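Residue numbers (our numbering), protein chains in the order written: chain E, 1 to 339; chain U, 1001 to 1231; chain A, 2001 to 2274. Yeah, the Cβ is synthetic: ideal placement off N, Cα and C, and Gly gets one too. The model shown is predicted, which means the values in this text are computed figures rather than measured ones.
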Amino acid sequence: MTPLYELQGVVRRYGDRVALDVPELAIHPGEIVGLVGPNGSGKSTLLRTLAFLDPPDEGMLLFRGAPACPATPELRRQATLLLQEPYLLKTSIFENVAYGVRLRGEKDPVGRVRKALEAVGLDYDAFARRPWHALSGGEAQRVALASRLALRPAVLLLDEPTASVDASSAGAVRNAILSAVRQDGTTLVVVSHDLLWLYEVASRTVGLRGGRVVASGAENVLAGRWERKEGEPGHLVLEDGQGVMAPPMPLGATMGLLSPEAIALSILPPGGSAPRNVLKGTVGQMFWERGPHRVLVRVGVGSLSLAVRMTADAVRDQGIHPGREVWLSFDPSALRWGS
Amino acid sequence: MDYIAQGVIQAFVLLWTGDEETWSAIYTTVKMSSISIAVCLALGTPLGFILGYADFPGKKGVRTVVNTLLALPTVAVGLVVYAFISRRGPLGELGLLFTVSGMAVGQIILALPVVVALTANAVESMDERLRLTLLTLGADGKRLALSTLYEARYAVLLAAANAYGRVISEVGVSMMLGGNIKWHTRTITTAISLETGKGEFALGIALGLVLLILAFAVNSVLSLARQRATI
Amino acid sequence: MKRTMRILSLVTLVLMLATAAFAAPVLRMATTTSTEDTGLLDYMEPFFRQATGIELQWVAVGTGKALELGKNCDVDVLLVHAPSAEKIYVQEGHGVNRRQVMYNDFVLLGPAADPAKVKGLAVGEALKAIAAAKQPFVSRGDKSGTHVAELVLWKGAGMEAPDKDAWYISTGQGMIQTINVAGEKNGYTLADRGTFIKYEANAKGNPPVVILVEGDSALRNQYSVIAVNPAKCANVQYDLALKYADWMVSPETQKLIADFKLEGKQLFFPNADE
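In structure tokens, the structure reads:
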């Protein structure tokens, strides 16, 4: 199957700063991709690139196998982006939602506007005639989402859709997004700090750091002051004094990458004589991952938070719950180097 | 002190009894400033929009020129326009001197930079999110530009009200180009100047009060527009 | 775009209508502030319209500016009061058919305390006394008829106008403002009688400056009407200007002028027959 998006060597710079540097990334139709990473890691830039609003300086962006640069208006209408801070046009709610529908040649947008407003939990009769400034922050976000949903786009790109809204609006937003996915098979790319929800809905997560895709899924990033000596194993001392051993560090490497599957979790200190890294930590959060059908357990070790992926059965059998002290162990050779 | 109170009382008497001369001056003022503002908006809004929206070589230079024109001294404008529309001037054949149209020409030159500069500023400082939103909803090209202009409409209104305020309170150009002809080109400001010349302070104050009321009305529009423009 | 075009055409229409409103027979006159400020023109205009069917529009400025407007062909006729300047103007060919219409007179004003002791003197002696005492003298300084007359009076007193001296204040403003400055500065000034009568009436019987010198034949203020020369200004409405001049010197109009009163006092004295 042809991927919906293919990015090859995509680089986006703002002045001297590299905001995005993605050697390779593919997104398939119907996928729900979660983007995670700290602030300034390039998530919003990636979303704008996928929305065809911010063409890359280098590299290839393909949509359904065809080059997407420069973006034609028809192409731009395949994807729509919900900004982190919604911007409503200075007109009625109805016209806000109808704007894009009309641009697509729909002469009578009432039906689609009504449906979209109801999808985000806003009563059509109560809201359609209101001016743009007579809304709460949460309602504004819902109207902004409705104006996108009304377009029935192939791809919905969401930048922190629930970050700045109240709890009930956040719920309405999440419901509306999921029902769009279920009903229309919309492909979804989401940036969210709401990890609990993100891990639950995402079929896949992509980690970004400094504009680069550092990990796919919930890959662990061990950043810190690594000691590097030529030809000798790498060594990282954590804040609480515990140490991590690694294969020799190549030049240019700045962080260790560790897959959540590579870590074993136990409630007793692990035995055995093989040279393994053993760390003591405390369970923080646990997420149900719809995609891999696993539980992602986040364990705090010093200032690090390491994700461990395990089956639901294993979680139950070992009696793991947040606050529980656990032992993590992994083979030093499982650590890969990233820059 | 007397004549101040007298002036205020007389203002209401003049307005209430429909004093013909007073109302003629008010009518001329409104007519002259409305013609000026209509032309300013018709010319200035597109120019200002292009200046704020489009990128072209020399844009910075044009902006500097427009901003300089904001500070055009009214007397200089009056003099230059007089030189052009005097019967001996190159446009003398049009017979614009000492007519409302002639005054409007001067006022347009004064107020056009205000409309252009404020519109350009408003469009230029539009929220970046607006552009992204319009694009992602499927707008492009002409539609993108028109929607951006529509979003800037309160800012344009703000510019118009500012320009209107400048025009109705202006006296130098009106006096020089209109000639303060009774029933024809006597505006509120030139009438005030005349009444002061005659020593009729009370009547001057009365007309000043009328101007104040007009300015108040314009400012009400202005603050409403400002509110809308910033929401 | 369509809407912009609509607005533009509407504006053009309004502009055309506004211009068209001036298509009726209109005589445009440049005159001095004194004829407007005293209300003489407002008083006479309806009579003129009734007699001739012509609408008279006037621009009231200083005599210097009025002559300038005539030179630029912006008006058809002048009603001014600076005989010396008028004669040069006619000699240079800008105006034709100058006819004297009426006169009023200038008065020398000053504080009632009269520190330069000029009260009752001939005007030449009075100016010399002010200069000797270095008392403030406030001048229009705007090339108006009054200013021109003042300069002639200084010359008559055997001296140039003391433009550079600190006690000589040149306002560059209208008559009322200039009298006001004299009042504030406790100074002397030359004014036309009409403006002073209005000033006195406004001051409710307690004016800061009063008449100290009057009645001197040198203080006569002659008004004349001059048609703008059609040979120099093709657009000028010479026939209308002549009609106005004829009307102004007719016996009926001369009587109208004599009948005009301000605060119960006659201001202008018709003398077309002199």
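Return the CA-CA distance between residue i and residue j, expressed in angstroms with no decimal places.
{"i": "P2207 (chain A)", "j": "K2265 (chain A)", "result": "18 Å"}
{"i": "Y1150 (chain U)", "j": "R1143 (chain U)", "result": "10 Å"}
{"i": "T2253 (chain A)", "j": "I2226 (chain A)", "result": "17 Å"}
{"i": "G37 (chain E)", "j": "G224 (chain E)", "result": "16 Å"}
{"i": "E2263 (chain A)", "j": "T1064 (chain U)", "result": "56 Å"}
{"i": "F2022 (chain A)", "j": "T1028 (chain U)", "result": "Residue placement at F2022 (chain A) is flagged as unreliable, the pLDDT there being 48, under the threshold of 50; a coordinate-derived value is accordingly withheld."}
{"i": "Y2199 (chain A)", "j": "M2159 (chain A)", "result": "30 Å"}
{"i": "L1158 (chain U)", "j": "V1221 (chain U)", "result": "8 Å"}
{"i": "Y1154 (chain U)", "j": "G59 (chain E)", "result": "42 Å"}
{"i": "L1097 (chain U)", "j": "T1185 (chain U)", "result": "10 Å"}
{"i": "L1132 (chain U)", "j": "L53 (chain E)", "result": "7 Å"}
{"i": "D313 (chain E)", "j": "A253 (chain E)", "result": "37 Å"}
{"i": "G2120 (chain A)", "j": "Y2043 (chain A)", "result": "34 Å"}
{"i": "A170 (chain E)", "j": "Q1227 (chain U)", "result": "29 Å"}
{"i": "T1045 (chain U)", "j": "L1207 (chain U)", "result": "32 Å"}
{"i": "V1008 (chain U)", "j": "M2175 (chain A)", "result": "25 Å"}
{"i": "F2269 (chain A)", "j": "A2258 (chain A)", "result": "6 Å"}
{"i": "V214 (chain E)", "j": "M255 (chain E)", "result": "10 Å"}
{"i": "L151 (chain E)", "j": "A19 (chain E)", "result": "29 Å"}
{"i": "S203 (chain E)", "j": "R309 (chain E)", "result": "15 Å"}
{"i": "G1269 (chain U)", "j": "N96 (chain E)", "result": "Because residue 1269 (chain U) is not part of the residues shown, which for chain U are 1001 to 1231, the question remains open."}
{"i": "S303 (chain E)", "j": "L335 (chain E)", "result": "19 Å"}
{"i": "W1016 (chain U)", "j": "Q1010 (chain U)", "result": "10 Å"}
What did DSSP end up calling residue i once you bin it into helix, strand or coil?
{"i": "K2265 (chain A)", "result": "strand"}
{"i": "L335 (chain E)", "result": "coil"}
{"i": "S2224 (chain A)", "result": "strand"}
{"i": "A2021 (chain A)", "result": "For A2021 (chain A), the predicted structure reports a pLDDT of 49, less than 50, and the residue's modelled location is therefore unreliable. The matter cannot be settled from this model."}
{"i": "D2192 (chain A)", "result": "strand"}
{"i": "N1219 (chain U)", "result": "helix"}
{"i": "K2119 (chain A)", "result": "coil"}
{"i": "E230 (chain E)", "result": "coil"}
{"i": "V1203 (chain U)", "result": "In the sequence as displayed, the identity of residue 1203 (chain U) is Leu instead of Val. Three-state result, L1203 (chain U): helix."}
{"i": "L220 (chain E)", "result": "The residue you asked about is not Leu; residue 220 (chain E) is Asn in the sequence shown. Of the three classes helix, strand and coil, the one that applies to N220 (chain E) here is strand, per DSSP."}
{"i": "P1046 (chain U)", "result": "helix"}
{"i": "G241 (chain E)", "result": "coil"}
{"i": "E160 (chain E)", "result": "coil"}
{"i": "T1064 (chain U)", "result": "helix"}
{"i": "R225 (chain E)", "result": "coil"}
{"i": "Q2091 (chain A)", "result": "helix"}
Does the beta-carbon of residue i have 16 or more other beta-carbons within 10 angstroms, so that it is buried, or is it exposed?
{"i": "N1071 (chain U)", "result": "What sits at residue 1071 (chain U) in the sequence shown is Ala, not Asn. When all chains shown are included, A1071 (chain U) counts as exposed."}
{"i": "G241 (chain E)", "result": "exposed"}
{"i": "N2072 (chain A)", "result": "buried"}
{"i": "A1005 (chain U)", "result": "exposed"}
{"i": "M2102 (chain A)", "result": "buried"}
{"i": "I267 (chain E)", "result": "exposed"}
{"i": "R182 (chain E)", "result": "exposed"}
{"i": "A167 (chain E)", "result": "exposed"}
{"i": "Q2091 (chain A)", "result": "exposed"}
{"i": "Y2168 (chain A)", "result": "buried"}
{"i": "P2251 (chain A)", "result": "exposed"}
{"i": "A144 (chain E)", "result": "buried"}
{"i": "F127 (chain E)", "result": "buried"}
{"i": "D2273 (chain A)", "result": "exposed"}
{"i": "G272 (chain E)", "result": "exposed"}
{"i": "W2154 (chain A)", "result": "buried"}
{"i": "L1180 (chain U)", "result": "Looking at the sequence itself, residue 1180 (chain U) is Asn, so the reference to Leu does not match. Buried, since its Cβ has 16 or more Cβ neighbours within 10 Å."}
Name the DSSP beta bridge partners of residue i, please?
{"i": "Y2168 (chain A)", "result": "A:F2137"}
{"i": "I1168 (chain U)", "result": "Answer by DSSP bridge pairing: none, since I1168 (chain U) is not bridged."}
{"i": "L2109 (chain A)", "result": "A:T2189, A:I2211"}
{"i": "H235 (chain E)", "result": "E:E227, E:M245"}
What do you reckon, is the C-beta of residue i under 7 Å from a heavy atom of the ligand MG?
{"i": "V101 (chain E)", "result": "Looking for the ligand MG in the displayed structure turns up nothing, as the structure carries no ligands at all."}
Continuous alpha helix (DSSP H) assignments of at least 4 residues falling wholly in the region 7-69 of chain E | Fully enclosed alpha helix (DSSP H) runs of 4 or longer: 43-50.
Runs of alpha helix (DSSP H) wholly within the region 1066-1136 of chain U (minimum 4 residues, chain order) | Listed in chain order, the alpha helix (DSSP H) runs fully inside the region 1066-1136 of chain U are 1074-1085, 1100-1124, 1128-1136, counting runs of at least 4 residues.
Which full runs of the alpha helix (DSSP H) of 4+ residues lie inside the region 2230-2265 of chain A, going along the chain?
-> DSSP runs (the alpha helix (DSSP H)) wholly in the region 2230-2265 of chain A: 2238-2249, 2251-2259.
Quick one: which unbroken beta strand (DSSP E) runs of 3-plus residues sit fully inside the region 262-325 of chain E? Chain order, please.
-> Residue ranges of uninterrupted beta strand (DSSP E) with 3 or more members, entirely inside the region 262-325 of chain E and ordered along the chain, are 264-266, 277-289, 294-301, 304-310.
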